[in-house]
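In the working numbering, the protein residues as written are 2 to 159.
Glycine residues also receive a C-beta, built at the ideal position from the N, C-alpha and C atoms.
Okay, structure first, notes after.
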């Protein structure tokens with residue numbers, strides 16, 4: 002499932018490679034011509050007609066390749082986004098579960114050492130991690146930890 006934009010990017014890449022190849026050929030011809038001449042005034046025509054345009058074509062080819070690859074990457078991201086948006090609804094959405102409901106509902110609060118968020122115990126970000134530890138009430142009170150935006154934990158008031 003390729004989009005039309007992906008097909009239009011390829012000519013830019015081909016043009017870039019063609020410009021690089023033509024520039025390399027011109028630079029080699031210019032070098033060959035310059036190397037065969039002893040006097041500088043006889044070398045200048047080779048520089049002006051081959052080497053300088055060859056170098057310009059190499060720069061243009063590099064710019065085209067960079068632009069083409071960036072556009073290709075952007076087109077692929079758009080295609081993936083389109084696939085995500087067009088995805089079929091999940092079983093939870095079909096069963097009538099609220100779309101804004103949190104993923105986790107456990108009352109136990111956990112954190113990862115060195116982390117900046119506190120989570121519910123069944124949050125997908127900490128579930129199954131052996132390094133996760135219970136949240137210290139002092140850290141919650143000091144404001145050093147913030148609530149996880151995924152599981153939306155609520156601070157326990159004891």
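On the premise that residue j lies in contact with residue i, defined as a C-beta separation below 8 angstroms, what is that separation, rounded to the nearest angstrom?
{"i": "residue 24", "j": "residue 66", "result": "Rounded, the Cβ-Cβ distance is 12 angstroms, inconsistent with contact."}
{"i": "residue 30", "j": "residue 51", "result": "5 angstroms"}
Looking at C-alpha atoms only, which residue of the options is the closest neighbour of residue i?
{"i": "residue 63", "options": "15, 140, 149, 131", "result": "15"}
{"i": "residue 11", "options": "73, 27, 41", "result": "73"}
{"i": "residue 130", "options": "42, 151, 84, 120", "result": "120"}
With DSSP run on the structure shown, which of helix, strand or coil describes residue i?
{"i": "residue 12", "result": "helix"}
{"i": "residue 17", "result": "helix"}
{"i": "residue 135", "result": "strand"}
{"i": "residue 31", "result": "helix"}
Go to residue i, then tell me how far its alpha helix (DSSP H) extends in each direction, as first and last residue.
{"i": "residue 81", "result": "53 to 86"}
{"i": "residue 141", "result": "138 to 143"}
{"i": "residue 42", "result": "41 to 47"}
Quick one: give me the first and last residue of the beta strand (DSSP E) that residue i is part of.
{"i": "residue 118", "result": "118 to 121"}
{"i": "residue 111", "result": "110 to 112"}
Would you verify that the beta carbon of residue i is, or is not, closer than 9 angstroms to some beta carbon of chain B?
{"i": "residue 62", "result": "Absent from the structure: chain B. Only one protein chain is present."}
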